[in-house]
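S.K.: Below are the structure tokens for one structure; questions will follow.
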Amino acid sequence: NNRERYLASDNLIRQMLQTNGIGLFSTHDLELVKLADEFKKQVINYHFSEDAGSSSLSFDYKLKPGPVQSTNAIQILTREGLFNSDLNN
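The sequence shown runs 698 to 786 under our numbering.
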């Protein structure tokens, strides 16, 4: 479930911080990026960006500072015919 996934990830990162561990984490959980606000000198967010064009998804593979500001899942699902926006209204 979402809540336990977040708690487990948050806890693991906090344990690493307590022991001065070094690591890289990849996540789609936007709540975890808030750890950088609490641990300003220890947690730094970076992201890759993409172009979810009308017919394809492409990446520039350049690491950029900060958390990602855009989302693309609904756009991709809609393009593939897997998302019906009428069901969410």
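Ideal Cβ positions, reconstructed from N, Cα and C, are used throughout, including at glycine.
1. In angstroms, rounded to a whole number, what distance separates the CA positions of Q715 and N708?
2. Check S782 in the structure and name its three-state DSSP category.
3. Mind checking which residues open and close the beta strand (DSSP E) that includes E747?
4. Hey, out of F745, P762, S755, whose CA is closest to A733's CA?
5. Excluding sequence positions up to five away, which residues of its chain have a Cβ less than 7 Å from the Cβ of N769?
6. Taking buried to mean at least 16 other C-beta atoms within 10 Å of its own C-beta, is I719 buried or exposed?
7. What would DSSP say about L754, mapped onto helix, strand or coil?
M.R.: In this structure, then:
1. 11 Å
2. helix
3. 747-749
4. P762
5. E747, A749
6. With fewer than 16 other Cβ atoms within 10 Å, it is exposed.
7. In the structure shown, L754 sits in a strand (DSSP, three-state: E or B).
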